[in-house]
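Below is one structure, written out as structure tokens, with a few remarks after it.
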Amino acid sequence: MIKNYLKITITILKRKKIFSVITILGIAIPLMFLMIIISTISHISRYDSPQSNFDRVLFIKELKWSIERKVGLSGNMSGMPSYDFVKNHVKKMKSPEKIGVASSGEYFNLYLGNEKTKLKVVYTDGEFWDIADFKFTEGKAYNATDVEDSQLFAVIDEYTRELIFGEDEAIGKTVKFFRRNYRITGVVKNVDVTRRWTHANVYLPVSSSENYSENDIMGAAVHCFLLAGSKDNFPQIKEEFDNMIDNFQLGAYEGLTEIDGELGTDSINKTIRDIFQVLFSININKDKIIYITYLVIFFFFILLPSINLLYIHISRINERSSEIGVRKSFGGNKRILSGQFLFENLSITIFSGIMGLLLSLLFFIIINNSNIIPGLQMGLDFRSILLILLLWILFGLVTGYLPALRMSRMKIIDALHQYDSFQYFDFMIWKGKRLKMLLAAEFALTFIALVAISVFVFKFRKNNTYPLGFDYNNVYQVSAVQYDRILYSFGERKSNDDILEMVKTNAFVEYYGEFRGNEPYHEGYTKFGHKEDYNDILADKVHLSEAGPDMDKVFSLNMVSGRWFEKQDDRPDYYPVVINKSLEQKLFKGGNATGKYIQLDDVSRMHIIGVIDHYKYKGEFSEPVDIIFAMNYFPNIWISSWGKKQTDFFRVRPGTTTGQVNDLARTISSKFPDFEIEIVSLETERIKYIRKIWGPLVAVFTVFLFVLLIVLLGLFGVLWYNISLRKAEIGLRRAVGANSGRIFLQIIREMLSWASVGIIIGTLIFIQIPLLNLYPVEPEILITSILSSAFIIYILATMCSLIPAFKTAKTEPAVALHEE
């Protein structure tokens, strides 16, 4: 019987080759995407080397503490624990098997000839190597005793070994990191970026850096790993940690008035957020965005293809109703008939699955060999393949079983005459329109997908229409890292005055300025605090930057009115500020702000001395921000910041080459060996920004194109099948005098009518998103997106209708009636 089923299936596929290809591609393409997505999530969430033990690791999720309120400092703070806190308090816990730490990582510039390579450096303790199971290709790791004795040992990955030593052995050799000579004790296999707890190029003892030895609860933070003997010990470890926090001696740190903390396990959502932050500088701070992403994946790659498949199977089975009637006349029973159609459906699904699997493997081969993400090696594991294939077989059964079962119950006379055969699909009938509502649902879902993507595109385009607000050409940013110290800005340390003077007095430096917070092409931010401290316009919305004289000339800022800061503005009893035009309109309702004041509290107020045009510090495609520039922050101001950067900027004279600027950096570095001087052009930072923006943008447009392809394949197959079922009707109409043109237009009008129904349904659904405040969408962007998406839907419906409508309209009446 199976052999006969297979023969019939092959015959059916050969009989209508176009529809067979459409059906198979319509399943294979979304299946490919689904395999890629699920395999990626499986790779990220899998516990393997060097994180094989991390399924039984607890992390200090966040430490919260309160200190005596000081000038310019909030009384309540939170963040990762300092190494000093872990070493002197957490490591005294008895219930964990091991307690280890690793820093978040910083970057070291490795110079080899004229090439500069950034290496990620992580500081660890000895226990870290007992918790993580790295694969060593040479040597071994340093241990707890080495860390305690402050030994200058290092572990590097294979990538770094090849950069520095080529094919030579690295063990026992020394390499200078941050002006110190470290002896290599081990080489580990490369760790890809998705292993966020263990990914690095260089691993150094935490005791070798003064950053991690300060007696300060707010000192340099580390990730703390508490390894349990088994997951059953988690409650015991959490209880001991809570007791330690409850009985903590607040006098251990000066000014500490309260402390709290929480242990937790790793989560796939947190990992995804961190990866997006590292690769694309996309800061996802809420899990609901991740869940929305999961829904989008389900929508694009499961629901839409399934509806396509369901409609095609129903239409295909209905088209063969005469065959079913004949087979039932000769004794074919329900079980055999339904089994035949189920077998055909599963055969198509499995064949499409194999094609999707091959396409997925090809994708991973290209990604792995391209080294787009260094160290990343992706692939399809057996668990992911099995899960996806079982899922699609299930959908194949669901989309094939109901149509097959209903058709197998059709009466012989109705099957032979195709008399209103769609009545047997009563679960999809609406006012006698047969399966047209399913077609309308297809249009509605496609329309919703197009509107969602259009909103993103038009919002992106609108942001790009606003002026950037500054000139990045011939501008450089300069920073100095004093080894074994946190990154400092030039203007913040007296020891840096000589370095600052060397840059300022250089012949090709035209303007030099100090700038703190919201620097161009930087992903961090500095804003005012919460609204209980300031008015609603400033709170959590307005950005705040500290800028010195000549900064307007460095960035070529466009002054709309007033002036920029001058040296005489820097005095303790006077708080001059410059704001941008958008904030002026909000604060003063379009009036001139120059000379007016912004009241912060009963005592403090800012004097507006000038207004500039737009300032989009995150780049061309970011949203405009409201910003205030001040020479100095108010003593009692409360600001909220993330990723604050410490750099100064200077503009060079026209004609200055990059080589001249690099020579200046080398000269300063040789004169000040305790510092690493880095000078980077703002144009280089812009290129990095563009790459990070275009990465996800290209991914979105790729998905968009494939979604359109899936929709085209589905609609084309659905419409062709639907029209082919009406040959008798069309033949009869031609026989009574209807010409081919009228039939052609009638078919097109019908498809556009049902497309209109889908657009109306989709619009009613989509507008709930802004109405319910699920996602803010400007009215003009929403309207434009709806209109453009409707236009695309009409184009798709017309394109998919043209060929079958033209072919059917040209069919001679005798031929059509004879075929029936």
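My numbering applies: residue 247 is where the sequence shown begins, and numbers increase by one.
Quick reminder that beta carbons are idealized off the backbone N, C-alpha and C, glycines included.
Every value quoted in this text rests on a predicted model; they were computed, and no experiment measured them.
Fill in: Extent of the continuous alpha helix (DSSP H) to which Asn-838 belongs
If you number the sequence shown from 1, residue 838 lands on position 592. No residue range can be given for Asn-838, since it is assigned to no alpha helix (DSSP H) and is classified by DSSP as neither H nor E.
Practice prompt. Report all residues from its chain with a CB closer than 6 Å to the CB of Ser-453; omit the five preceding and five following residues, and keep chain order.
Written response: Taking the sequence shown and counting its residues from 1, the one referred to as residue 453 is at position 207. Same-chain partners within the cutoff: Val-393 and Ser-396.
Worksheet item: Taking Cβ to Cβ, would you say Val-433 is nearer than 7 Å to Thr-383?
Response: Stepping through the sequence shown from its first residue, residue 433 is reached at position 187. Stepping through the sequence shown from its first residue, residue 383 is reached at position 137. Cβ atoms of Val-433 and Thr-383: closer than 7 Å.
Item to complete: Measure the C-alpha to C-alpha separation of Asp-371 and Gly-346 and round it to an integer number of angstroms.
Response: Indexing the sequence shown from 1 puts residue 371 at position 125. Indexing the sequence shown from 1 puts residue 346 at position 100. Their backbone Cα atoms lie some 6 Å apart in a straight line.
Worksheet entry | Reduced DSSP category for Trp-1000 - H, G, I as helix; E, B as strand; rest coil | Numbered from 1 along the sequence shown, position 754 holds the residue referred to as residue 1000. Looking at Trp-1000 - three-state DSSP - the assignment turns out to be helix.
Discussion item. Just to confirm the assignment, what range does the beta strand (DSSP E) spanning Thr-440 have?
Written reply: As a working mapping, residue 440 is identified with position 194 in the sequence shown. If you look at Thr-440, you'll find it isn't in any beta strand (DSSP E); DSSP assigns it neither H nor E.
Practice prompt. For the beta strand (DSSP E) holding Ala-390, just list the boundary residues, first then last.
Written response: Here the question's residue 390 lines up with position 144 in the sequence shown. Per DSSP, Ala-390 lies in no beta strand (DSSP E); the unbroken alpha helix (DSSP H) holding it starts and ends at 390-394.
Item to complete: Determine which residues share a DSSP beta bridge with Trp-311 and list them.
Response: Locating residue 311 in the sequence shown gives position 65, counting from the first residue. DSSP lists Met-323 and Ile-505 as partners of Trp-311.
Worksheet item: What residues are listed by DSSP as bridge partners for Arg-426?
Response: On the sequence shown, position 180 is the one that residue 426 refers to. Per DSSP, Phe-423.
Practice prompt. Can you tell me which of Asp-717, Glu-769, Glu-760 and Gly-865 puts its alpha carbon nearest to the alpha carbon of Ala-793?
Written response: Counted from its first residue, the sequence shown places residue 793 at position 547. Selected option, being the one with the closest Cα: Glu-760.
Fill in: Own chain partners of Asn-447 with C-beta closer than 8 Å, once the 5 adjacent residues on each side are dropped
As a position in the sequence shown, residue 447 is number 201, starting the count at 1. Only residues of its own chain outside the window of five on either side were considered, and among them Leu-365, Lys-366, Val-367, Ile-402, Asp-403, Tyr-405 and Thr-406 have a CB closer than 8 Å to the CB of Asn-447, listed in chain order.
Worksheet item: Going by beta carbon distance, what residues of the same chain come within less than 8 Å of Lys-419, once the five residues before and after it are set aside?
Response: Along the sequence shown, read from residue 1 onward, the residue named residue 419 stands at position 173. Within its own chain, the residues whose Cβ lies closer than 8 Å to the Cβ of Lys-419, once the five positions on either side in sequence are excluded, are Phe-411, Arg-429 and Ile-430, listed in chain order.
Item to complete: Tell me where the beta strand (DSSP E) around Met-805 begins and ends.
Response: For the purposes of this step, residue 805 is taken as residue 559 along the sequence shown, with counting starting at 1. Looking at the DSSP string, the run of the beta strand (DSSP E) that includes Met-805 is 805-808.
Practice prompt. Please determine, among Asn-479, Ala-467, Leu-790 and Asn-489, the residue with the shortest C-alpha to C-alpha distance to Met-1089.
Written response: The structure shown has nothing for residue 1089, since the chain only spans 247 to 1066.
Worksheet item: Would you call the segment 808-822 and the segment 861-869 touching, i.e. three or more CB-CB distances under 8 Å?
Response: No, because fewer than three Cβ pairs between the segment 808-822 and the segment 861-869 fall closer than 8 Å, the two stretches do not touch.
Worksheet item: From the DSSP output, which residues share a beta bridge with Ile-402?
Response: One-based indexing of the sequence shown puts residue 402 at position 156. Ile-402 pairs with Val-433 and Val-448.
Discussion item. Could you check whether the segment 290-303 touches the segment 374-389, counting it as contact only if at least three pairs of C-beta atoms, one from each stretch, sit closer than 8 Å?
Written reply: With a cut-off of 8 Å, the segment 374-389 and the segment 290-303 count as touching, because enough Cβ pairs lie within range.
Worksheet item: Going by DSSP, what residues sit across from Asp-894 in a beta bridge?
Response: Taking the sequence shown and counting its residues from 1, one reaches residue 894 at position 648. Paired residue(s): Val-724 and Glu-760.
Discussion item. Tell me the DSSP secondary structure of Ile-858 in three-state form.
Written reply: Locating residue 858 in the sequence shown gives position 612, where the first residue counts as 1. The three-state reading of DSSP puts Ile-858 in strand, counting E and B together.
Discussion item. Measuring straight from C-alpha to C-alpha, what distance separates Ala-690 and Ala-1001?
Written reply: In the sequence shown, the residue the question calls residue 690 occupies position 444. In the sequence shown, the residue the question calls residue 1001 occupies position 755. Answer to the nearest angstrom: the Cα atoms are 8 Å apart.
Item to complete: Determine, using beta carbons only, whether Asp-859 and Gly-1008 come nearer to each other than 7 Å.
Response: Counted from its first residue, the sequence shown places residue 859 at position 613. Counted from its first residue, the sequence shown places residue 1008 at position 762. For Asp-859 and Gly-1008, no; Cβs fall outside 7 Å.
Discussion item. DSSP three-state label for Phe-380, please.
Written reply: One-based indexing of the sequence shown puts residue 380 at position 134. Reduced to three states, the DSSP call for Phe-380 is coil.
Worksheet item: Considering only C-alpha positions, which residue in the set Pro-766, Gln-586, Trp-443 and Ile-613 is nearest to Val-724?
Response: As a working mapping, residue 724 is identified with position 478 in the sequence shown. Nearest of Pro-766, Gln-586, Trp-443 and Ile-613 to Val-724, Cα basis: Pro-766.
Item to complete: Have a look at Tyr-449, Met-323, Leu-472 and Asn-355 and flag the residue whose alpha-carbon is nearest the alpha-carbon of Val-332.
Response: Reading the sequence shown from its first residue, position 86 is the one you call residue 332. Looking only at Tyr-449, Met-323, Leu-472 and Asn-355, the smallest Cα-Cα distance to Val-332 is reached by Leu-472.
Worksheet item: Going straight from the alpha carbon of Glu-590 to that of Leu-637, what length do you get?
Response: Indexing the sequence shown from 1 puts residue 590 at position 344. Indexing the sequence shown from 1 puts residue 637 at position 391. Glu-590 and Leu-637 have their alpha carbons spaced roughly 17 Å apart.
Worksheet item: If we ignore side chains and look at the alpha-carbon of each, how far apart do Phe-706 and Phe-597 end up?
Response: Position 460 of the sequence shown, counted from the start, is the residue given in the question as residue 706. Position 351 of the sequence shown, counted from the start, is the residue given in the question as residue 597. Approximately 40 Å between the Cα atoms of the pair.
Item to complete: Please report how far the alpha carbon of Thr-440 lies from the alpha carbon of Tyr-935, in whole angstroms.
Response: Working through the sequence shown from its first residue, we reach residue 440 at position 194. Working through the sequence shown from its first residue, we reach residue 935 at position 689. Looking at the two C-alpha atoms, the distance is approximately 21 Å.
Worksheet entry | Beta-carbon separation (whole angstroms), Arg-897 vs Lys-799, contact threshold 8 Å | Mapped onto the sequence shown, residue 897 falls at position 651. Mapped onto the sequence shown, residue 799 falls at position 553. About 7 Å separates the two Cβ atoms, so the contact holds.
Worksheet item: Within the chosen definition, does the segment 470-484 reach the segment 297-312 through at least 3 CB pairs nearer than 8 Å?
Response: Cβ pair count under 8 Å is three or more, so yes.
Practice prompt. Look at the Cβ atom of Ala-876, then the Cβ atom of Val-823, and state whether they are nearer than 7 Å.
Written response: Counted from its first residue, the sequence shown places residue 876 at position 630. Counted from its first residue, the sequence shown places residue 823 at position 577. Closer than 7 Å, so yes.
Worksheet item: For Arg-739, which three-state DSSP category applies?
Response: Here residue 739 refers to the residue found at position 493 when the sequence shown is read from its first residue. Residue placement at Arg-739 is flagged as unreliable, the pLDDT there being 43, under the threshold of 50; a coordinate-derived value is accordingly withheld.
Worksheet item: Leaving out five residues before and five after Ser-1047 in sequence, what residues of the same chain have Cβ atoms less than 7 Å from its Cβ?
Response: The residue given as residue 1047 occupies position 801 in the sequence shown. So the qualifying residues of the chain are Leu-965, Ile-993, Ile-994 and Met-997.
Item to complete: Would you tell me roughly how many angstroms separate the C-alpha atoms of Cys-470 and Ala-348, rounded to the nearest one?
Response: Within the sequence shown, the letter at position 224 stands for residue 470. Within the sequence shown, the letter at position 102 stands for residue 348. If I take the Cα positions, the gap works out to 7 Å.
Practice prompt. Note down the Cα distance separating Tyr-820 from Thr-893, rounded to an integer number of angstroms.
Written response: To locate residue 820, count along the sequence shown from 1; it is residue 574. To locate residue 893, count along the sequence shown from 1; it is residue 647. Computed Cα separation, rounded: 25 Å.
Discussion item. Quick test of your reading: Leu-588 and Leu-643, contact by CB under 8 Å. State the CB separation rounded to the nearest angstrom.
Written reply: As a position in the sequence shown, residue 588 is number 342, starting the count at 1. As a position in the sequence shown, residue 643 is number 397, starting the count at 1. So it is a contact: roughly 7 Å between Cβ atoms.
Item to complete: Output the distance between the C-alpha atoms of Gly-465 and Ser-791, rounded to the nearest integer angstrom.
Response: As a first step, residue 465 must be located in the sequence shown, where it is residue number 219. As a first step, residue 791 must be located in the sequence shown, where it is residue number 545. The straight-line gap separating the alpha-carbon atoms of Gly-465 and Ser-791 is approximately 24 Å.
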